[in-house]
Amino acid sequence: MSDTPASGNEPPNGTVSAERHGSVLLVRVDDGKANAFSVPMLAALDAQIDEAEADDGVGAVVIAGNDRAFFAGFDLNVIRSGDRAATMELVSAGGAMVRRTYGASVPVVAACTGHAVAAGALLLLGCDHRIGPDAPVKIGLNEVAIALTLPDWALTISKERLSKRHLQRCVANARLLDGAGAAEAGFLDEAVSPDAVVDRALEVAAELADTLDARAYAGTVRALRGDVLADMDATIERDRASAS
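Going by the working numbering, 411 is the number at position 53 of the sequence shown; the sequence numbering is gapless.
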C-alpha cells in the first residue's frame, strides 16, 4: 500500500497528521515530546474520525503515536493548575475522545508506539484492536499513584475492556505494565517487535476494512456497546455541568 497524504488533515502546528493507506486512514500524533493530551490535540483527533466516518473510501482508522509514546495522558500542567474549569474541560474532552473511538462507525486500531499512561491507556481501551511493543514500555493507569482519581467514564471503559482478573491491580493498585503484561491485562491485543507496531496495525486495519460490512459494523457497535456508550455520555456531561 502506498502512502498518500490526506488533504487538509494537518493542522498548522503539525502535531496531528493523516495519510491514506488504501482504505485505511493512518493518523499520526507527534508533539515532539510525550503526546500529552490537550484540548486542541483532542479536537484534531476528533476531526480525523469525523473525516473517516464521512468518507465511504475509508474502512478503518489507525491512531499512532511517536517514537517515545502513544499518549502520556493529560497535560499535568492543566490538571495541577488549580483551574477547575480548565481541568474539567480537558478531562471531559479526553472522555469524549475515548467514547468517540469506542463508538465510531468505522473500526479504530491503535498503534501503541511507546508508553501509554493514564489517559493514553484509556484511549487504548477505546480502540477495537490494539498493537503495542513487546518491550519494557510503561502502559497503564497510574492515577492513584499520583494522587488522582479516575473519572466515572474512565472506570466504565476500564471495567468493560480490562481482564477482570487484572482489574483491581490495574486500576486500584495503579500498576504499570510492559508490552507483554499489557496484552495479558487487556490494554493490548498484540505485543510485537517495536519496529513492527505501525505496520502490523495497518495490516489489521486493512483486514477489518476489507472484511467488514460498514453498515453492519456501525449497527452492531450501537447494539453491542450502546449501554456502555450511554453511561460514558451521561458521566461526561455530568462532569462538564459540574464545572460550569
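Quick reminder that beta carbons are idealized off the backbone N, C-alpha and C, glycines included.
Can you give me the C-alpha to C-alpha distance between residue i and residue j, rounded to a whole angstrom?
i, j, result
"residue 597", "residue 511", "9 Å"
"residue 593", "residue 515", "12 Å"
"residue 459", "residue 466", "6 Å"
"residue 410", "residue 573", "14 Å"
"residue 445", "residue 602", "12 Å"
"residue 463", "residue 441", "35 Å"
"residue 508", "residue 591", "16 Å"
"residue 394", "residue 436", "11 Å"
"residue 568", "residue 421", "18 Å"
"residue 576", "residue 566", "13 Å"
"residue 412", "residue 405", "11 Å"
"residue 551", "residue 496", "15 Å"
"residue 524", "residue 498", "11 Å"
"residue 522", "residue 476", "18 Å"
"residue 397", "residue 454", "11 Å"
"residue 376", "residue 561", "17 Å"
"residue 504", "residue 380", "42 Å"
"residue 447", "residue 588", "19 Å"
"residue 361", "residue 595", "Here the model assigns residue 361 a pLDDT of 49, short of 50, so the residue's position is not dependable, and the following value carries that caveat. Roughly 38 Å between the two C-alpha positions."
"residue 586", "residue 461", "9 Å"
With residue i and residue j assumed to form a contact (beta carbons below 8 Å), what rounded beta-carbon distance in angstroms separates them?
i, j, result
"residue 541", "residue 549", "5 Å"
"residue 415", "residue 382", "About 10 Å separates the two Cβ atoms, so there is no contact after all."
"residue 484", "residue 456", "4 Å"
When burial is assigned at 16 or more other CB atoms within 10 Å of the CB, is residue i buried or exposed?
i, result
"residue 438", "exposed"
"residue 526", "exposed"
"residue 488", "buried"
"residue 578", "exposed"
"residue 557", "exposed"
"residue 408", "exposed"
"residue 450", "buried"
"residue 389", "buried"
Helix, strand or coil: which one does DSSP assign to residue i?
i, result
"residue 549", "strand"
"residue 491", "strand"
"residue 431", "strand"
"residue 592", "helix"
"residue 472", "coil"
"residue 392", "coil"
"residue 438", "coil"
"residue 562", "helix"
"residue 456", "helix"
"residue 462", "coil"
"residue 383", "strand"
"residue 573", "helix"
Do the region 430-437 and the region 529-538 meet, that is, are 3 or more Cβ pairs less than 8 Å apart? Not touching, per the Cβ criterion.
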